[in-house]
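Sequential numbering from 3 applies to the sequence shown in the numbering used here.
Note that CB positions come from ideal geometry on N, CA and C, so glycine has one too.
Here's the structure we're looking at; comments come further down.
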Amino acid sequence: MKKLGVNIDHIATLRQARRGRFPDPVFAAGICEIAGCDSIVCHLREDRRHIQDRDVYALKETVRRLNLEMAVNEEIVKIALNVCPAQVTLVPEKREELTTEGGLDVSGNANRIAQVIDRFHEKGITVSLFIEPDHRQIEASKIAGADAIEIHTGKFAELFEKHEETMWYQEYERIAKSTEYAMSTGLKVHAGHGLDYRNIHPILSIPRIEELNIGYSIICKAVFVGLHSAVKEMVSLLRQAGNQPE
Ligand code: PXP
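Written as structure tokens, this is what we have:
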């Protein structure tokens with residue numbers, strides 16, 4: 003069975019909108035675990051736009067399995083080595099982007115990435131590299147010493163959304179072939195980015211993908227699954243107050 007990692011960054015995005023304490027990503031992580039997910043994913047970005055350092059430390063203390071997404075940036079690498087999550091996923095990061103765009107260029111930064119992987123391995127931390135479904139990047143990931151790759155499904159998701167059937171199918175095939183190739187080199191295969199309740203079906207049909215990491219669509223769904231009862235509870239408080247004698 004495929005494993006599900008739930009990315010809780012956008013719980014923190016909502017909290018940071020008021021710079022307050024709620025909603026708390028640690029509390030959200032507990033709910034995700036009770037609901038059956040296999041790991042909790044969060045991305046400590048250089049600009050700290052959502053997840054904060056203390057969230058990462060608190061999550062490490064509370065969740066069963068933490069997968070920390072991060073750029074190959076010395077400040078963040080030091081924090082990750084200190085926190086010691088079960089897994090790190092190395093991603094590219096640009097300050098101006100809305101979300102992670104494109105995969106990591108492992109072949110173009112082979113030495114730097116290999117050195118960082120060694121430092122994580124010394125601490126017993128599993129390393130996954132977030133890359134495009136591309137043979138050159140898969141080969142470079144294997145040579146750099148990664149344990150796993152996470153295939154970027156963003157392009158597939160975008161084409162699926164636009165109903166570009168031939169095009170999304172081509173991208174799906176690229177993902178399926180890359181999965182086979184990566185497996186043949188001994189790498190584990192994860193996938194994620196832009197996956198939702200509809201486009202997940204083709205991806206689920208690729209048997210060798212072990213782990214799917216999903217955030218945005220789950221948090222969006224949670225808003226609508228929960229909004230009705232949240233409003234009902236407030237209405238009921240108002241009604242109770244209205245029924246009280248002056
Ligand atoms: N995997 C990686 C490496 C990511 O950077 C992200 C986005 O933070 C995700 C998965 C989850 O993507 P989404 O929020 O679109 O489901």
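Three-state secondary structure assigned by DSSP to residue i
| i | result |
| --- | --- |
| residue 41 | strand |
| residue 32 | helix |
| residue 158 | helix |
| residue 193 | strand |
| residue 73 | coil |
| residue 7 | strand |
| residue 102 | coil |
| residue 205 | helix |
| residue 242 | helix |
| residue 122 | helix |
| residue 65 | coil |
| residue 95 | coil |
| residue 108 | coil |
| residue 1 | This structure gives no information on residue 1, because the portion of the chain shown stretches from 3 to 248. |
Neighbourhood of residue i by C-beta, 7 Å cutoff - its chain only, sequence neighbours within 5 removed
| i | result |
| --- | --- |
| residue 106 | 92, 93, 94, 131, 132 and 133 |
| residue 109 | 138, 139 and 142 |
| residue 31 | 10, 42, 61, 64 and 65 |
Cα-Cα separation between residue i and residue j, rounded to whole angstroms
| i | j | result |
| --- | --- | --- |
| residue 176 | residue 85 | 35 Å |
| residue 204 | residue 189 | 21 Å |
| residue 184 | residue 191 | 7 Å |
| residue 145 | residue 156 | 25 Å |
| residue 218 | residue 15 | 11 Å |
| residue 221 | residue 34 | 11 Å |
| residue 223 | residue 229 | 10 Å |
| residue 206 | residue 178 | 11 Å |
| residue 244 | residue 101 | 45 Å |
| residue 129 | residue 51 | 24 Å |
| residue 231 | residue 240 | 14 Å |
| residue 23 | residue 153 | 33 Å |
| residue 54 | residue 112 | 29 Å |
| residue 103 | residue 136 | 15 Å |
Chain-order list of residues whose beta-carbon lies under 6 Å from that of residue i (same chain, five-residue window excluded)
| i | result |
| --- | --- |
| residue 13 | 25, 27 and 30 |
| residue 187 | 144 |
| residue 39 | 6 and 8 |
| residue 208 | 178 and 181 |
| residue 67 | 41 and 88 |
| residue 96 | none |
Test: residue i CB closer than 8 Å to a CB of chain B
| i | result |
| --- | --- |
| residue 59 | The structure shown contains no chain B; it holds only a single protein chain. |
Residues near residue i by beta carbon distance below 8 Å, same chain, minus five either side
| i | result |
| --- | --- |
| residue 120 | 147 |
Q. Pairing CB atoms from the segment 202-218 with CB atoms from the segment 4-20, are three or more of them under 8 Å?
A. Per the Cβ contact rule, the segment 202-218 is in contact with the segment 4-20 (3 or more Cβ pairs under 8 Å).
Q: Count the C-beta pairs between the segment 149-161 and the segment 187-196 that are closer than 8 Å, then say yes if the count reaches three, no if not.
A: yes
Q | Stretch-stretch touch, CB-based, cutoff 8 Å, three pairs: the segment 67-78 with the segment 32-52 | A | Counting C-beta pairs with one atom in each stretch, the segment 67-78 and the segment 32-52 have three or more that are closer than 8 Å, which means they touch.
(Q) Please enumerate, following chain order, all residues with a beta carbon closer than 6 Å to at least one heavy atom belonging to the ligand PXP. (A) 9, 11, 45, 71, 91, 93, 101, 102, 132, 152, 194, 195, 196, 197, 215, 216, 217, 218 and 219
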